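Novice:
Residue numbers (the working numbering): 4 to 95.
In C-alpha cells:
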C-alpha cells in the first residue's frame with residue numbers, strides 16, 4: 004500500500020454503511036446489529052477519524068477519541084478492514 008492511496012480525516016458524519024462494515028469487520032457487532040445510532044456515535048465522540056481509500060472514497064479504517072475536553076482522553080474503536088491490515092493504516 005502506498006500512503007498516497009489513503010486520506011485520514013476527522014469527520015462529523017460518514018456513511019452509516021461504511022462504519023457498520025468496519026465494526027462488523029472487527030467482530031465487534033453481529034451481522035444484524037442496529038446501526039441507526041452511528042450518526043450520534045460520530046457526533047458525540049470528541050473526534051472521529053476515518054481512513055479513506057481515495058480510489059473508492061470508502062472507509063477502510065476508523066478510530067475515535069473520547070474525552071472530557073479538559074485533561075483526559077482515550078482512543079476507542081480502532082479498526083482496519085482485513086485487506087488493509089499490516090500496512091500502517093491504524094498508525095496514521
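Glycine included, C-beta positions come from ideal geometry on N, C-alpha and C. Remember, predicted model here, so these are calculated numbers, not experimental data.
1) Contact between the region 37-54 and the region 10-24: three or more CB pairs below 8 angstroms?
2) Go to residue 28, then tell me how far its alpha helix (DSSP H) extends in each direction, as first and last residue.
3) Would DSSP call residue 86 helix, strand or coil?
4) According to DSSP, is residue 92 helix, strand or coil?
5) Is the beta carbon of residue 22 sitting closer than 7 angstroms to the one on residue 41?
Specialist: On the basis of the data shown:
1) Look at the beta carbons and you see the region 37-54 touching the region 10-24: at least three pairs across the two are nearer than 8 angstroms.
2) For residue 28, the uninterrupted alpha helix (DSSP H) segment begins and ends at 19-28.
3) Here DSSP, grouped into helix, strand and coil, assigns residue 86 to helix.
4) In the structure shown, residue 92 adopts helical secondary structure according to DSSP, grouped into three states.
5) Contact check for residue 22 against residue 41 passes: the beta carbons are separated by less than 7 angstroms.
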